[in-house]
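With the sequence shown counted from 1, adding 461 to any position gets you the numbering used here.
Beta carbons are placed, not taken as given, at the ideal position from N, Cα and C, and that holds for glycine.
Computed from a predicted model, the values in this text were never measured in an experiment.
Right, one structure below, let's go through it.
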Amino acid sequence: MATQTKTEPTVCLIAMGSNMQTEAETSRMIIERAAVEVARVLGPVQQSGLYAAPCFPAGAGPDYVNAALALFTDLPAASLLKALHKIEADFGRQRVQRWGQRTLDLDLLALGTQVAPDLATFDHWQNLPLETQKLRAPDQLILPHPRLHERAFVLVPLADVAPTWCHPVVGQTVTEMLARCSVEDTAEVSLICSGEEWRI
Numbered sequence: 462m463a464t465q466t467k468t469e470p471t472v473c474l475i476a477m478g479s480n481m482q483t484e485a486e487t488s489r490m491i492i493e494r495a496a497v498e499v500a501r502v503l504g505p506v507q508q509s510g511l512y513a514a515p516c517f518p519a520g521a522g523p524d525y526v527n528a529a530l531a532l533f534t535d536l537p538a539a540s541l542l543k544a545l546h547k548i549e550a551d552f553g554r555q556r557v558q559r560w561g562q563r564t565l566d567l568d569l570l571a572l573g574t575q576v577a578p579d580l581a582t583f584d585h586w587q588n589l590p591l592e593t594q595k596l597r598a599p600d601q602l603i604l605p606h607p608r609l610h611e612r613a614f615v616l617v618p619l620a621d622v623a624p625t626w627c628h629p630v631v632g633q634t635v636t637e638m639l640a641r642c643s644v645e646d647t648a649e650v651s652l653i654c655s656g657e658e659w660r661i
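Right, dumping it as structure tokens:
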């Protein structure tokens, strides 16, 4: 009888953002409550500090409250994405406009060293000009997130929870990728509170 090999848990990195508060909750409250829900659905998480950052692209809406989560999971990427989309929907997220205002945005940034669906597709989306990015969105999950390595508003929180995670394509750690961001971009990301101050 064949012995089944148990899948080793893999690190999963998630970006969180909100720039559209409700009558009952601020963006910070939404992020804090969403992190609790992610932990309930997917298991224990480590959370970054909460950060404020201008909306991207500039002028697309109010400033964001951003955070990052790290957790270990044996779930496949498709199941993780489905769970995150369900949580977004429960928080009132509507996918109407590319880079529009969002009650809650949960991005699956990376799953270990997985490159999905393949390197050619990753390279295609990574190299799209900004104007094309504004008009087109991938119809499938791209891992790692094709813009992860160049966005300070993602890397600053991510450095709190996974500073040594190494990008499987770029070949640099989160700390190294953050160091490559411009001083101006990094300075726009301001700490609201540390992860200790809103521990789940």
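At least three beta-carbon pairs within less than 8 Å, the stretch 490-503 to the stretch 602-609: no
Residues bridged to Ile548 (per DSSP): Partner(s): none; Ile548 has no beta bridge.
Own chain residues within Cβ distance below 6 Å of Gln587, not counting five before or after: Pro607
Under 7 Å between C-beta atoms of Leu639 and Ala623: no
Simplified DSSP state of Thr574, which is helix, strand or coil: coil
Val526, enclosing beta strand (DSSP E) - first and last residue: Tyr525 to Thr534
Stretch-stretch touch, CB-based, cutoff 8 Å, three pairs: the stretch 648-659 with the stretch 624-636: no
Nonlocal neighbours in the same chain, by C-beta distance under 6 Å from Ala476, ignoring five residues either side: Ala529, Asp568, Leu570 and Val615
Val630: first and last residue of the uninterrupted beta strand (DSSP E) it sits in: Counting along the chain, Val630 falls outside any beta strand (DSSP E), and DSSP gives it neither H nor E.
Selection from Asp535, Leu541, Val506 and Thr636 that minimises the alpha carbon distance to Pro470: Asp535
Chain-order list of residues whose beta-carbon lies under 8 Å from that of Tyr512 (same chain, five-residue window excluded): Val526, Asn527, Ala528, Phe614, Val617, Pro618, Val650, Ser651, Leu652 and Ile653
Beta carbon of Arg563 nearer than 7 Å to that of Met490: no
Simplified DSSP state of Val617, which is helix, strand or coil: helix
Cα-Cα separation between Ser488 and Gly522, rounded to whole angstroms: 13 Å
Counted within 10 angstroms of its Cβ, other Cβ atoms place Arg612 as buried (16 or more) or exposed: buried
Through-space distance from Leu572 to Ile548, alpha-carbon basis: 19 Å
Residue nearest to Pro537 in terms of C-alpha spacing, selected from Thr636, Thr574 and Ile492: Thr574
Sequence-distant residues of its chain with Cβ nearer than 8 Å to Asp551 (five each side left out): Glu498
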